[in-house]
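Each remark here refers to the structure printed beneath this line.
Residue numbers (the working numbering): 28 to 413.
Written out as C-alpha cells, the structure reads:
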C-alpha cells in the first residue's frame, strides 16, 4: 500500500475495496508523529501577543507558538503587528485598539474572514477565537473547524444566536462557563496555559498586595484597595482604563487612589509582569462577575505568588484552595485570608501551575480535540460518498 504522506488528514476518496478505511487506520496509528496544518484565527483588537493588556490574544499566542514548537504547520490570522513563528496573515496593519486612524473596526474583521475562507482548503482544521462572527460561513462551508469561547455567556442576547447555531462545535475555557448554554455543541473544556519558562519562581514573598487587569466595575479594584487598608499593607494597581470605563474610573476609583497605601502603576506590558507579580505578597482577585477563567491567577501561580480570590465564575476550578491561595466570600473573609498567606507554600503554588496550567498541556488538550473533529469529518465524507 502506498505510504500516507503528511499532513495525516489528507483528503481521502471512497474506495469500495476498503482502501480508504485501511488508510484511515494507518493514519490513526501514525498521528502522534504527523504534522497538522492548523489555522488560528485571532481577534484584531489586540496584537498576538498583546503589547499590553489582552487575555484572549495572549492565549492564542501561547497556543500558536507551542503548536509550532511541536512541529505543526500553523498559520495565524491576526493583526500585522503580531509576532509569531507561525506564518502570519495580516488582516490589518496594526492592532485596532492601538490604531488611532481606524474608524470601522468591523470591516477588518470581515476582510480577515474572507481571507480565512479563501484559503480554507489549505488547512486540516481552523481554530477560531473570534466568538460567533464566522458561524454563518462555517455552516455553509465543508471545513473542519472549532471555536474557543473566551467570554461570558450569561447574556440574554446570546441565547437565540447560539440556539440557532447549536451545530457549531465549541470549546469552553472552564466548566462553569457553559452553564448558561449547557445544550451547545461543547467538545471539551480546555484550561488556559502559559509557557513553562515564561515566569520565574520566586521563593521569597514581597511586601505589597497586587491587583492587575482592567479598571471596571466587575473587576472590583475598590475591594482590593479596601482589603489593603484593612490589613495596613501597600497595594499596587497595574491596570488599564478602557474608554467605556473612564467615567467609573474618574468617579469611583480615582478618589480611592489618594490613599498613601495605594500605588497606581497603570497598564503594564508583558516584560513587566514577572517582576510585578513575582515580588508581590499575594495577588488580589476580588471579582464580581462570572469570570470564564482568570489568566492573572495562573500568572501569579507561575511566580509562586498566592492568590486571594472571591468565589465567582471559574475561580473554584482554577484555584487549589489552601495550596495556591484562598477562595473568599466577602471582605472580612478576604482580610483574614491576607493575614493567613504565610501559611501557604510558594513552592506549592508553582508546582500546581506546572501540573495544570502550562502551554504544553493546553496544546495537548487542543490537539486531542482537533484529531477527534478531523476524524469525525473524514468519516462523514466517506459515508457521503458511499
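Where a beta carbon is used, it is the ideal one built from N, C-alpha and C, also for glycine.
Nothing here was measured: the structure is a model prediction, and the numbers come from that model.
- request: Find the nearest neighbour of residue 214 within the set 251, 199 and 156, judged by alpha-carbon distance.
  value: Taking the first residue of the chain shown as position 1, residue 214 is located at position 187. It is 199.
message: Which residue wins for smallest C-alpha separation from residue 77, given the options 294, 389, 380 and 362?
response: Indexing the chain shown from 1 puts residue 77 at position 50. Checking every option, the nearest Cα to that of residue 77 belongs to 294.
- prompt: Three-state secondary structure (DSSP) at residue 157?
  reply: Locating residue 157 in the chain shown gives position 130, where the first residue counts as 1. It is coil, neither helix nor strand.
field: Inter-residue spacing [alpha-carbon to alpha-carbon] between residue 314 and residue 149
entry: Position 287 of the chain shown, counted from the first residue, corresponds to residue 314. Position 122 of the chain shown, counted from the first residue, corresponds to residue 149. Spanning the two alpha carbons is a distance of roughly 42 Å.
task: With DSSP collapsed to three states, give me the class of residue 179.
output: As a first step, residue 179 is located in the chain shown; it is residue number 152 there, counting from the start. Note: residue 179 maps to coil in three-state DSSP.
- request: Apply the 10 Å Cβ neighbour rule to residue 165 and answer buried if 16 or more other Cβ atoms are within range, or exposed otherwise.
  value: Counted from its first residue, the chain shown places residue 165 at position 138. Residue 165 comes out buried.
message: Cutting at 6 Å between CB atoms, please list the residues of its own chain near residue 88, excluding the five before and the five after it.
response: Position 61 of the chain shown, counted from the start, is the residue given in the question as residue 88. Excluding residues within five positions, the ones whose Cβ falls inside 6 Å are 75 and 76.
task: Classify residue 201 as buried or exposed, calling it buried when 16 or more other Cβ atoms lie within 10 Å of its own Cβ.
output: Locating residue 201 in the chain shown gives position 174, counting from the first residue. Label assigned to residue 201: buried.
query: Exposed or buried, residue 196, counting other C-beta atoms within 10 Å across all chains shown (16 or more means buried)?
result: Against the chain shown, residue 196 aligns to sequence position 169. By the neighbour-count rule (16 or more Cβ atoms within 10 Å), residue 196 is buried.
- prompt: Of all the alpha helix (DSSP H) runs that stay within the bounds of the segment 259-305, which reach a length of 4 or more residues?
  reply: 297-305
Closest by C-alpha distance to residue 71, when choosing among 324, 264 and 133: Within the chain shown, residue 71 is the residue found at index 44, counting from 1. Taking only the C-alpha atoms, the option nearest residue 71 is 133.
field: Start and end residues, alpha helix (DSSP H) containing residue 135
entry: Taking the chain shown and counting its residues from 1, one reaches residue 135 at position 108. First-last of the alpha helix (DSSP H) with residue 135: 132-145.
- prompt: What separation, rounded to the nearest whole angstrom, lies between the Cα atoms of residue 136 and residue 102?
  reply: Residue 136 sits at position 109 when you count from the first residue of the chain shown. Residue 102 sits at position 75 when you count from the first residue of the chain shown. Cα-Cα distance, rounded: 17 Å.
message: If I measure Cβ to Cβ from residue 99 and keep anything under 7 Å in the same chain, skipping five residues before and after, which residues do I get?
response: On the chain shown, position 72 is the one that residue 99 refers to. Once the five neighbours on either side are set aside, the close Cβ partners of residue 99 are 62, 63 and 65.
Residue 200, DSSP secondary structure in three states: Locating residue 200 in the chain shown gives position 173, counting from the first residue. If DSSP states are grouped into helix, strand and coil, residue 200 belongs with coil.
message: Three or more C-beta pairs under 8 Å: does that hold for the segment 207-224 against the segment 234-252?
response: no
- request: Give the single residue among 126, 361 and 371 whose Cα lies nearest to the Cα of residue 256.
  value: To locate residue 256, count along the chain shown from 1; it is residue 229. Considering only alpha carbons, the answer is 361.
field: residue 171 in three-state terms, based on DSSP
entry: Looking up residue 171 in the chain shown gives position 144. In this structure, residue 171 counts as coil in the three-state DSSP scheme.
query: Does the segment 325-336 come close enough to the segment 302-309 that 3 or more CB-CB pairs lie under 8 Å?
result: yes
Limits of the beta strand (DSSP E) - the one that residue 336 falls within: Position 309 of the chain shown, counted from the first residue, corresponds to residue 336. From DSSP, the beta strand (DSSP E) with residue 336 extends over 334-337.
- prompt: Would the beta-carbon of residue 388 fall within 9 Å of that of residue 220?
  reply: Position 361 of the chain shown holds residue 388. Position 193 of the chain shown holds residue 220. Yes, they are a contact pair.
message: Rounded to the nearest angstrom, what separates residue 276 and residue 151 at their Cα positions?
response: As a first step, residue 276 must be located in the chain shown, where it is residue number 249. As a first step, residue 151 must be located in the chain shown, where it is residue number 124. About 46 Å.
message: Spatial neighbours of residue 284 within its chain, please: C-beta separation below 6 Å, excluding the five flanking residues on both sides.
response: The residue labelled residue 284 in the question sits at position 257 within the chain shown. If we look at residue 284 and ignore the five residues flanking it on each side, its Cβ neighbours are 291.
- request: Taking only the alpha-carbon atoms, compute the straight-line gap between residue 253 and residue 267 and give it to the nearest angstrom.
  value: The count along the chain shown starts at 1 and reaches residue 253 at position 226. The count along the chain shown starts at 1 and reaches residue 267 at position 240. Answer to the nearest angstrom: the Cα atoms are 19 Å apart.
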